[in-house]
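Notes follow once the structure below has been shown.
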Amino acid sequence: MLKLFPHNSINRYKKTVISINKKYESLKTYSDTQLKEQTKVLQVKLQTHDLKTNDLKTNEILIEAFAIIKEAIFRALNLTLFDVQLLGGIILDQNNIAEMKTGEGKTLVALLPAYLNCLTGQTVHIITVNDYLAERDANIAKKIFSYINIKVGLITQSTNLNERKTAYNKNITYITNSELGFDYLKDNMAIHKSNIIQKNFYYAIIDEVDSILIDEARTPLVISGIKEVKNQPYVEAQNVSNLLINQIDYTIDEKSKSIILTEKGIANCEKVLKISNLYDTKNSWIKYILNALKAKELFLKNRDYIIKDSQILIVDEFTGRVMEGRRWSDGLHQSIEAKENIVIEAENKTLASITYQNLFLLYKKLAGMTGTAKTEESEFLNIYRMKVISVPTHEKCIRKDLSDLVYKDEYNKWQSVANECLDMYKIGRPTLIGTTSIQKSEILSSMLKEINVPHSLLNAKPDNVSKEAKIILQAGQKGSITISTNMAGRGTDIILGGNAEKTTELIIEQLKLKQHNQLINNHNIEQILTKDEIKLLQEINKIETNLVNQEKIKNIYTKILQKYKKLFKKEKEEILQLGGLYVIGTERHESRRIDNQLRGRAGRQGDQGSSRFFLSLQDNLFRIFGGNKIENLITKLNIHDKTPIESILLTKSLNSAQKKVEAYFYDIRKQLYEYDEVIHNQRKAIYHERKKILNSTFTRDCILEYAEYTIEEMLIIYIKNNQNHNTLLQIIKLLNIKSDTKNLSIMNIDEIKYYLNEQLRISYDLKEIYLEQLRPGLMRQLEKYYLLQQIDQAWQEHIEKMTLLKEYIGWRSYGQQDPLIEYKNEAFHLFINMIIYIRQTVVYLMMRSRLIIEI
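Numbering (the working numbering), first residue to last: 40 to 894.
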């Protein structure tokens, strides 16, 4: 029986959910072939368009589509979707964000609207935060969609060009946010239409939507080219930065991650570098010095980056994962390479860029899902026009979030965390400890080793990443203590007692590889399997995989699975008696959302669990945003260093500090969006022009149009310059036509314009005849080449100018001018100048190029 949803605004979907379940029951009698045919039936129904909007009426077949996919999920996985999952699917189809807690089955929820919308014939994109999740979810989807004749594509970092093209042509494509963005930019840099791999952007469902549209939205996606390598300034700036002293030569603003030189610091730099003015525009020393100081003070090893194979690899501050192939821009990465004394790679030149905000706004329909989005609701609504709707949990959440414990100093905080872990280990209660950096996770790990507490460590270091699945698999087992950076907060559920299915798969895999020593449980495998069964698995690559052996392997899987299901069920009951999973936070994050993600690891699907944060006044949030009020209060109270403080006042102060931080970073993202929106409109115009040229078989009209515009623009200058003969001479040279300025000067403007247009066409026809004699089709090839080459070159130069403009436009506020309005005005003029430059250069190259083909 369907429960009434507690949220009034979603009760209107109750009838729809009842209808879906009714239809689902009727599908039970269908054979697999009949179920497959339902996809074709729905596609035919969708072929009737709404004549006013020309939109496909997907809402009219929603009930049938959701019922079909619910039945396909049951047949593929033997799982029945909950009503709240159907509700999540309806919310996603209506271009909203479904906030669903950990363990509520978001992976399957996405399949409902994905199936419905791919029936329109357009590709649906399901976007995830990393390759592992994309691959995992795509494999589940392939299994399910095979029952209803829908093709699923997958794109990861390792997918080659041809495979990508194929994947984008499937009904539903799983892809990471960065791969999607880079493919979009590459498509708009393609020099032949056969190199374009993406189709139209129709409907996207973003998994972990807050991570992608909030956390990653501060940094634009950039495709770079290599500039000339200049090692010397980075090394020299690094040496200078080592001579400068904090608070004397410079001050640090941790809030905005910036450094300001004092007058003494400027004088010292000028003295060491032997220059008269550090801010002289003819030299770039100020940029190198500030980057060297940032590398020294703000970007720390094992927190912001790690070193692997003599390379600096960025660590994502939100997930704790290594960002392969990403580099900091504007010379910062090179400054860190100089600091760590490793080979300095060439600085990058931006060839194309886009922010995630503008990338995802290209979709006609957009939806998202996550466990934590309510705190950023206004941002989702203002920028992406998506409402955040909280979906009730299938089982009531009974997790206890205990009040924070605050210590005076960091040392005592970590001691208390270590002692808490020891207590939990003694009673056998599984515990997950969230840390904010690799360095801090390793400090706690060494403290636990000292007091003999066995534990697993999960952070961005490569040797730990490879064990991630195994560590998370064990994190819910009795007596397990797991230390993790934020990376454990995404994509994989911690199941109390253990995950029998995943454990069985892993054991079989390890037995095949003869890795007895790596078996993920202490339970003796010989007690479950016979010697012959173990031997069969170990010889699996050598033996013939006939039906008999396949059946034997299936029996082995069932045998191990049943054993672990029984074992883990018993273990889960014992853990629930102890209070369930215990989550410990060791620092409040800059966003309440990230804290809620960590808390959400406990209390999955109605399980018991609890969470608690252990904090110190030396934590970043207190130090940078908290002010001195709290510290003064504690000093007045004269509380002992080892005694923690539990106080409503403290919790309120912390929440207030977090709100300030969230507002501060929202402003940064909003500003980035507002400024990028200016260039985005220009980007769309340039990319549209490129696409038009790429798809055109007759580019002659485009060149003649450019030339006519150029004549008109130059005649305006001719009038402004009081009909100066030099302007007419420039037009004649540019068009490469034979004419006398004296004859032109006696004509009026309309006559000159008509005459020049006529001469242009005559010259162009003669040019075409000449080139076609050299090689048929050469004229069209040349036109396309010059058009694309000049557009790309001018656009790259324009991006650099816009970056510089953005850097110095902020100073206009001191003159009582709005920097954004000034930026828009100047950006408009730069864009117009770029368009004029492209036209003139293309016309000049086409009219004046001389080609001799050797045969």
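Here a beta-carbon is modelled for each residue, glycine too, at the ideal position from N, C-alpha and C.
Per the DSSP secondary-structure output, L260 pairs in a beta bridge with I393. The alpha-carbon separation between L81 and G160 amounts to approximately 11 Å.
Distances from the CA of R632 to each of K845, T411 and L497 were compared; the closest alpha carbon is that of T411. Under the Cβ criterion (8 Å, minimum of three pairs), the segment 366 to 382 does not count as touching the segment 231 to 246. Rounded to whole angstroms, the gap between the alpha carbons of K204 and Q237 is 7 Å. Contact between L471 and R640 is confirmed by a C-beta separation of about 6 Å, below the 8 Å threshold. Measuring C-alpha to C-alpha distances from S523 to each of H494, K541, T569 and T543 identifies H494 as the nearest. The beta carbon of R739 is closer than 7 Å to those of E822 in its chain, skipping five residues each way along the sequence. In the structure shown, R814 falls within a coil segment according to DSSP collapsed to helix, strand and coil. The segment 102 to 109 makes contact with the segment 57 to 71, as at least three CB pairs between them are under 8 Å. A distance of 8 Å or more separates the beta carbons of L158 and L125. Within the same chain, and ignoring the five residues on either side of E811 in sequence, the residues whose Cβ sits closer than 8 Å to its Cβ are L817 and M818. The criterion of a C-beta distance shorter than 8 Å is not satisfied by V168 and A177.
Q350 is bridged by DSSP to K347. Ranked by how close their Cα comes to the Cα of K691, the residues V445, D226 and T394 have V445 in first place. Residues of the same chain with a CB within less than 8 Å of the CB of D715, apart from the 5 flanking positions on each side, are P259, I393, T394, Q396 and N397 in chain order. Only exposed fits F737, as fewer than 16 other CB atoms lie within 10 angstroms of its CB. Note that the segment 612 to 626 touches the segment 534 to 546; at least 3 beta-carbon pairs, one per stretch, sit closer than 8 Å. If you ignore the 5 residues before and after M841, its C-beta comes within less than 6 Å of the C-beta of I718, all in its own chain and listed in chain order. Following the DSSP letters along the chain, one finds R651 inside the beta strand (DSSP E) bounded by residues G648 to S655. Contact between I214 and A173 holds, since their C-beta atoms are separated by about 6 Å, short of 8 Å. The Cβ atoms of S429 and E143 lie no closer than 8 Å to each other. In the DSSP assignment, V83 falls within the alpha helix (DSSP H) that extends over D71 to K84.
The residue from I381, E865 and F184 with its alpha-carbon nearest to that of L352 is I381. Boundaries of the beta strand (DSSP E) harbouring A243: Y242 to D246, taken from the DSSP string. Straight-line measurement puts the Cα of N775 at about 12 Å from the Cα of N796.
The DSSP-derived three-state label of K388 is strand. For Y876, no beta strand (DSSP E) run applies; the uninterrupted alpha helix (DSSP H) run containing it begins and ends at P858 to R887, by DSSP.
In the DSSP assignment, K378 falls outside any beta strand (DSSP E) and within the unbroken alpha helix (DSSP H) covering L371 to K378. The beta-bridge partner set that DSSP reports for N285 consists of Y289. When Cβ pairs closer than 8 Å are counted between the two stretches, the segment 782 to 793 is seen to touch the segment 753 to 768, the count reaching three or more.
Scanning its chain for C-beta atoms nearer than 6 Å, with the 5 sequence neighbours on each side dropped, one finds around L337 the residues K296, in chain order. At the C-beta level, S476 and N285 stay beyond 8 Å of one another. Counting C-beta pairs closer than 8 Å gives fewer than three between the segment 276 to 295 and the segment 415 to 430, which falls short of the contact rule.
The C-beta distance from N188 to T78 rounds to 5 Å, short enough to meet the 8 Å contact threshold. The alpha carbon of I466 has as its nearest neighbour, out of Y621, I383 and E548, the alpha carbon of Y621.
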